[in-house]
Amino acid sequence: MSISLPGKPFETGGSPRNLAILGALCLFLSAVEYMIPKPLPFLRIGLANLPLMLALGIFPLRSFLVLVCIKVFGQAIITGTLFSYIFLFSLTGTFLSALLMFLLRFLFGKRHITFVGIGTAGAFVSNISQLALAHVFIFKENVFYIAPPFLAAGLVTGIVLGVFCGIFTQRSKWFLKLENREEEPGIGNEELGNKKNDLHSLFLLIAGFLIMPALLFNPVTQLRVLQFLFFWLLALLYGKKTNPLFTILLIVFIIAFNLIIPYGRVLFSIGAFKITSGALTAGVHRAFTLAALVMLSKFTISKDLKLPGTFGNLLSLSLRIFSFLMGRKYRITGKNFITEIDNLMLELSQEPQPIPDTHKVRTKPAGYVILIIIILLSWLPWLMN
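Per our numbering, residue 103 is the first one in the sequence shown, and the count goes up by one each step.
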């Protein structure tokens, strides 16, 4: 027996199971893109948007937006960025671009607009929204210096993604079955693992919500640096993987761009370029705020987090399918990328797979005491101010 969302039923090709599979594909392609070498750490090709483009014309708007939510929240859980500006950037950029792509396909249909046009328009809107948020939270007026190359990169990646999506839809046997609404074996409620939230991940999430204001309300830059180091230490002690090189590059990049427009006392000069106290302080403050939010998210967000309701079930299933796909990532190479992605999707759609479930871990009383102490320590710098 398959689950269904309240309201209008899904079309056959747009079943909840296919929704979860496409959501898992978003997360899998996001992980694949993360492993691709890039000239800049923040540059994104947008591979994770491919399933959203494939869903155009197959899902109604309501179901399509559920898929967008699975992508955004699933990525935040996997990467540990739920409590950071990165999540806000992803949420805004993904939703605006997805809505525009859906509108374009609805207005012009498959024959009058190609995936290249849809992908380019979606990338442009996503980049504009992220630049606007970067202006507010990170770079201020300096954002205008990175806008031209950022928009140009978005144009190129939008075109590349559109071309790739067109090739994939022509070669993929799995997409042909999905597009033709062919009925396939479903995944029932019993396979979703519809259990109560485990206390461990739930209380970590609550702790994250309680700690975040302690960072954002703290105006002292030096104390924010200490909070960043504290959250990083907690993430490491909890066994979370962090990328020190990426973190350092992110901090340096944000500080460097905040130095472009000087203000305040001149500290020293590098040729004609002046390093001023105001710009340096603002850059350090913004850089360590973002880095601290990322480390807080890594500590408090667990991959076994289960949200309630139908959406929680779909997200949980997508995460489990993602684990199944990651276990077979060794099959994906540059030469057979499309073929093997298609084969993996066919495996998922043709036969029920033994998707690994997460083990339920309950927090002992001592764990709650430790969480309370961590929350109090996180607020200590703010109380000292």
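Just so you know, even glycine gets a beta-carbon here, dropped at the ideal spot from N, CA and C. Only a predicted model underlies this, so the values are computations on that prediction, with no experimental measurement involved.
Which residue comes first and which comes last in the beta strand (DSSP E) that contains residue i?
i, result
"T378", "375 to 378"
For the alpha helix (DSSP H) that residue i lies in, which residues bound it at each end?
i, result
"L369", "Where L369 is concerned, there is no enclosing alpha helix (DSSP H), although the beta strand (DSSP E) it sits in stretches over 368 to 372."
"I362", "Element bounds for I362: n/a, residue is neither H nor E."
"V236", "What sits at residue 236 in the sequence shown is Ala, not Val. Segment 217 to 239, the alpha helix (DSSP H) holding A236."
"I423", "411 to 428"
"K408", "K408 -> no alpha helix (DSSP H), and no H or E assigned at all."
"V174", "163 to 181"
"G548", "As shown, the chain starts at 103 and ends at 487. That puts residue 548 outside it, with no answer to give."
Applying the criterion that 16 or more other CB atoms from any shown protein chain within 10 Å of the CB defines a buried residue, is residue i buried or exposed?
i, result
"R164", "exposed"
"F488", "Summary: the structure shown does not reach residue 488, with the chain confined to residues 103 through 487, and so no result is reported for it."
"N360", "buried"
"T383", "exposed"
"A374", "exposed"
"G341", "exposed"
"V368", "exposed"
"Q522", "Outside the displayed span of the chain (103 to 487) sits residue 522, for which this structure offers no information."
"A200", "buried"
"Q272", "exposed"
"I372", "exposed"
"N345", "exposed"
"F390", "buried"
"N320", "buried"
"S399", "buried"
"L209", "exposed"
"A496", "What is shown of the chain runs 103 to 487, which leaves residue 496 out entirely."
"L379", "Before going further, note that residue 379 is Ser rather than Leu in the sequence given. Under this definition S379 is an exposed residue."
"A468", "exposed"
"V327", "buried"
"A254", "exposed"
"G176", "buried"
"L347", "exposed"
"V354", "exposed"
Helix, strand or coil, according to DSSP, for residue i in the structure here?
i, result
"Y69", "The chain is shown from 103 up to 487; residue 69 falls before or after that span and cannot be answered."
"T441", "helix"
"K298", "Annotation note: pLDDT 45 at K298 (below 50); position unreliable, coordinate value reported separately. Coil."
"L158", "coil"
"V322", "coil"
"I344", "Reading off the sequence shown, one finds Thr at residue 344, where the question assumed Ile. Three-state DSSP puts T344 in coil, outside helix and strand."
"V148", "The residue you asked about is not Val; residue 148 is Gly in the sequence shown. Coil."
"S132", "helix"
"S117", "coil"
"A122", "helix"
"W484", "helix"
"T460", "Unreliable positioning characterises T460 in this predicted model, as indicated by a pLDDT of 46, which lies under 50. The coordinate reading is nonetheless provided below. Coil."
Thinking residue i and residue j are a contact (beta carbons under 8 Å), I'd like their distance in whole angstroms, please.
i, j, result
"L307", "I403", "7 Å"
"L169", "L121", "6 Å"
"I160", "L280", "6 Å"
"M203", "I230", "Their Cβ separation, rounded to whole angstroms, is 14 Å, which puts M203 and I230 out of contact at 8 Å."
"L395", "I179", "L395 to I179, Cβ: 15 Å. No contact."
"L235", "T194", "6 Å"
"M155", "F217", "6 Å"
"F488", "F333", "Residue 488 lies beyond the range of the chain shown here (103 to 487); nothing can be said about it."
"F252", "Y187", "Not really, about 16 Å apart at Cβ, beyond 8 Å."
"G224", "G260", "7 Å"
"S274", "D444", "5 Å"
"L352", "A393", "6 Å"
"L198", "S228", "6 Å"
Indicate whether the contact test is met: 3 or more Cβ pairs, each with one atom in the stretch 122 to 134 and one in the stretch 408 to 423, closer than 8 Å. yes
Contact between the stretch 474 to 486 and the stretch 304 to 322 (3+ Cβ pairs under 8 Å): yes
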